[in-house]
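Going by my numbering, the sequence shown opens with residue 60, and the numbers climb by one from there.
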Amino acid sequence: MARDADTIERDIEQARDELAATLQEIGNRADPQRVVAAGKEQVEATLAKPVVRYSLMGLGALIVLALLRQLFR
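Encoded structure:
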């Protein structure tokens, strides 16, 4: 069954609109500033966990003690 030109043009225009929306979404997701901000939020959330925070504090204390030991030997 043959389709008329108006129907084909509407289909093409709809496909263009969908493609433009898809490309816009890809651009938003791949935005470097957005990626950096999301990474920063994830790091902050991880560091806010008590287990991680106290582990890093302990590691820092061990490093300081090791440096002081080497310094005063």
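Built from N, CA and C at the ideal position, the CB exists for glycine as well.
A74 (DSSP reduced to helix, strand or coil): Secondary structure of A74 (DSSP, three-state): helix.
First and last residue of the uninterrupted alpha helix (DSSP H) at K108: Segment: none, K108 is in no alpha helix (DSSP H) and carries neither H nor E.
Straight-line gap, E77 to Q101 (C-alpha atoms, nearest Å): 32 Å
Per-residue DSSP class, three states only, for D140: Residue 140 is absent from the model: the chain starts at 60 and stops at 132.
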